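Data first, discussion second: the structure below is written as C-alpha cells.
Residue numbers (the numbering used here): 130 to 321.
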C-alpha cells in the first residue's frame, strides 16, 4: 500500500510571499503528494487559484488542491474556466475542492449570494461540472444562466470535483454531487 501525504496550509501558517516558492520546492523535493490552499480573502496565504498556478509552474509532480474554494458567491462559468485552465497547464495535478461558506464572518459579505446558500451551491456545482465536461452548454437555473458556452482549454481528462464540509447537509451533497470529499480538520470519530 502506498501512503500519500498532503499538506494543507491554514490561516495560522506563515505565508511570506518571498518564501512560498521555497516551501513549494521543498514539498516537491521531499516527496509530499499534495499541497492544499484555503480560500481566505482576509488571510495571508495566496489565493488558491493563483497559488496553484504559481506552484504548478515550479513543480512537475506535486498535486495542487484548493482546500476549499468557496463556490457560492462566485460566477460558476469563471470558476470552470479557472480550473479547466489550471488542469490543462498541470495535467493530473489539479484537485478542485468546493465548499459552501467562508471560514470567517468578515469574508462573507465579499461574496453576495443570490439565494439560499445550499441551493446556490448545488446549482453552481452542477453548472461547473456541465461546463468542464460538455461543449456548447446552455443552462437556465434559478440563480445562474449561460447560453452556448464552451470552456477552453479543456483538461486532458475530466476533473474530479470534490467537496469539503462536515455537516449533514454537506455530506448529503457530497453523496449526490461530488467525486470525493476533503474531510479536513476532523478527528476520525467526527469523520465517522
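Ideal Cβ positions, reconstructed from N, Cα and C, are used throughout, including at glycine. Bear in mind that the values here come from a model prediction, so they are computed numbers and not experimental data.
For residue 216, report the span of its alpha helix (DSSP H) as first-last. Start at 1 with the first residue of the chain shown, and residue 216 comes out as number 87. Annotation: the continuous alpha helix (DSSP H) that includes residue 216 extends over 205-218.
Test item: CB-CB of residue 291 and residue 261 under 7 angstroms: For the purposes of this step, residue 291 is taken as the residue at position 162 of the chain shown. For the purposes of this step, residue 261 is taken as the residue at position 132 of the chain shown. No, they are not a contact pair.
Use the C-beta contact count for residue 168: other C-beta atoms within 10 angstroms, 16 or more gives buried, fewer gives exposed. Locating residue 168 in the chain shown gives position 39, counting from the first residue. So residue 168 ends up on the buried side.
Does DSSP put residue 267 in a helix, a strand or coil? On the chain shown, position 138 is the one that residue 267 refers to. DSSP places residue 267 in strand when its eight states are reduced to three.
Check for me: the alpha helix (DSSP H) holding residue 148 runs from which residue to which? Translated into positions along the chain shown, residue 148 becomes position 19. Counting along the chain, the alpha helix (DSSP H) containing residue 148 begins and ends at 146-159.
Local Cβ density within 10 Å of residue 158, reported as buried at 16 or more and exposed below that: Counting from one through the chain shown, the residue named residue 158 turns up at place 29. Its Cβ having fewer than 16 others within 10 Å, residue 158 is exposed.
So, for residue 287: in the same chain, excluding its five sequence neighbours on each side, which residues have a beta-carbon less than 6 angstroms away from its beta-carbon? For the purposes of this step, residue 287 is taken as residue 158 along the chain shown, with counting starting at 1. Taking C-beta separations shorter than 6 angstroms and ignoring five residues to either side along the sequence, the partners of residue 287 in its chain run 262, following chain order.
Report the rounded CA-to-CA distance for residue 283 versus residue 245, giving the unit in angstroms. Numbered from its first residue, the chain shown carries residue 283 at position 154. Numbered from its first residue, the chain shown carries residue 245 at position 116. So the alpha carbons of these two residues sit roughly 31 angstroms apart.
Indicate the three-state DSSP secondary structure (helix, strand or coil) for residue 276 in the structure shown. For this step, residue 276 is matched to residue 147 along the chain shown. Assignment of residue 276 by DSSP, reduced to helix, strand and coil, places it in the strand class.
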